[in-house]
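Structure first, then comments.
Numbering (UniProt numbering), first residue to last: 1 to 329.
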């Protein structure tokens, strides 16, 4: 594992009359990770997220951000060092897209020309053209507003971005498209993302690791396929499902599979991006009636290796053997 960007140590949150929202939660979010918190409503996901930038304070326990106890941070400085994206987006309706995206930079005293240049850079990152700079939030679609919200979180170039159900209010098609775009941004920018969702499919698609919560407790932390194949708790097993082959395929990236070196490719060899799931890869093999796929680099399309059907089967066999060993233990 890399360096932890966020560390929770035995964090408890208790409200009036002894109501506990969190109880002894401990886990770490590593540098460059896409960590999803998932669980039923009221399990404490958002409470944890709000503690990262001190919107809420723990009753007991410690939280570290960038290696420093959050209580040692000035709250304003801490919040400026962490990107924050919420479901309601929170754009200022009276400010233009440019002003919204660079709002944090403005209050930090960054010169106007530098802010304008950064706004143009951010538009490129989120896939909008410069005509959007002078528009107001009311002139944008829901998906466009959410893109601007993500850009605003990136404006000060924080290492850490926390996101609280950012796509929850969007229609399914827009939601899936923005999930794909966020994955691409994560691969390009290498940011650490702590993401709250109640949507299991979303968590399995996005996360490098996820934490499953219930009743203010953390019941399981691991890579999606690890939790599917060897759930550490009966609730985790019930919540995630029983780890069928298709579900496991969906959680493993092509880049995690054993790729063969490029030697000679047939001229019509179908391709799959390195970031695609093994479910996508198998689907392409079936549609093309081929046992070989060229694996391409995201963004450039450069071929970086070969995925063979036999290698995919061996990988699956290994994971299923692991599941059997856990079941029999």
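Built from N, CA and C at the ideal position, the CB exists for glycine as well. The structure presented is a predicted model; accordingly, all values stated were derived computationally and were not measured.
Backbone CA spacing between residue i and residue j [nearest angstrom]
i: residue 215; j: residue 40; result: 9 Å
i: residue 7; j: residue 123; result: 32 Å
i: residue 114; j: residue 277; result: 39 Å
i: residue 158; j: residue 20; result: 31 Å
i: residue 185; j: residue 60; result: 35 Å
i: residue 235; j: residue 163; result: 25 Å
i: residue 310; j: residue 84; result: 43 Å
i: residue 54; j: residue 240; result: 30 Å
i: residue 294; j: residue 313; result: 17 Å
i: residue 110; j: residue 219; result: 43 Å
i: residue 280; j: residue 187; result: 18 Å
i: residue 153; j: residue 303; result: 33 Å
i: residue 222; j: residue 160; result: 20 Å
i: residue 70; j: residue 5; result: 12 Å
i: residue 287; j: residue 269; result: 12 Å
i: residue 63; j: residue 289; result: 52 Å
i: residue 92; j: residue 102; result: 12 Å
i: residue 189; j: residue 125; result: 10 Å
i: residue 248; j: residue 57; result: 37 Å
i: residue 82; j: residue 256; result: 29 Å
i: residue 79; j: residue 49; result: 12 Å
i: residue 47; j: residue 86; result: 13 Å
i: residue 15; j: residue 212; result: 22 Å
i: residue 90; j: residue 285; result: 43 Å
i: residue 12; j: residue 292; result: 51 Å
i: residue 112; j: residue 151; result: 17 Å
i: residue 191; j: residue 208; result: 12 Å
i: residue 51; j: residue 30; result: 17 Å
i: residue 68; j: residue 75; result: 13 Å
Neighbour-count burial assignment, residue i, 16 or more Cβ in a 10 Å radius
i: residue 107; result: exposed
i: residue 66; result: buried
i: residue 307; result: buried
i: residue 238; result: exposed
i: residue 258; result: exposed
i: residue 3; result: exposed
i: residue 173; result: exposed
i: residue 261; result: exposed
i: residue 275; result: buried
i: residue 17; result: exposed
i: residue 10; result: exposed
i: residue 77; result: exposed
i: residue 327; result: Note that residue 327 has pLDDT 46, beneath the 50 cutoff, so the model's placement of it is unreliable and no number is given.
i: residue 137; result: buried
i: residue 206; result: buried
i: residue 273; result: buried
i: residue 42; result: exposed
i: residue 44; result: buried
i: residue 149; result: buried
i: residue 324; result: With a pLDDT of 49 at residue 324, under the threshold of 50, the modelled position of that residue is not reliable, and the figure given next carries that caveat. Answer is exposed; the Cβ neighbour count stays below 16.
i: residue 147; result: buried
i: residue 210; result: buried
i: residue 204; result: buried
i: residue 118; result: buried
Counterpart residues of residue i in DSSP-defined beta bridges
i: residue 206; result: DSSP lists no partner for residue 206.
i: residue 293; result: 307
i: residue 277; result: 253
i: residue 36; result: 195 and 210
i: residue 13; result: 22
i: residue 60; result: 12
i: residue 27; result: 8
i: residue 260; result: 306
i: residue 83; result: 161
i: residue 176; result: In DSSP, residue 176 forms no bridge with anything.
i: residue 361; result: Residue numbering for the chain in the displayed model covers 1 to 329; residue 361 lies beyond these limits and cannot be assessed.
i: residue 271; result: 294
i: residue 118; result: For residue 118, which the question treats as bridged, DSSP gives no partner whatsoever.
Whole-angstrom C-beta distance between residue j and residue i, which should lie under 8 Å
i: residue 105; j: residue 156; result: 6 Å
i: residue 251; j: residue 283; result: 15 Å between Cβ atoms; not a contact.
i: residue 202; j: residue 127; result: With 8 Å as the limit, residue 202 and residue 127 do not qualify as a contact, their Cβ atoms being about 20 Å apart.
i: residue 38; j: residue 200; result: 7 Å
Any chain B beta carbon closer than 8 Å to residue i
i: residue 15; result: Annotation note: the requested chain B is absent from the structure, which comprises a single protein chain.
contact_flag[the region 217-230, the region 281-300] where n(CB pairs < 8 Å) is 3 or more: No, the region 217-230 does not touch the region 281-300.
Sufficient close CB pairs (3 or more, under 8 Å) joining the region 12-25 to the region 149-169: Counting Cβ pairs under 8 Å, fewer than three are found: no touch.
Validate contact between the region 120-136 and the region 92-110 using beta carbons, cut 8 Å, 3 pairs: Flag = yes, the region 120-136 and the region 92-110 touch.
Contact the region 28-36 vs the region 191-198: 3+ CB pairs below 8 Å: Segments in contact, yes.
Stretch-stretch touch, CB-based, cutoff 8 Å, three pairs: the region 168-182 with the region 138-155: Segment contact: the region 168-182 against the region 138-155, three or more CB-CB distances shorter than 8 Å; contact assigned.
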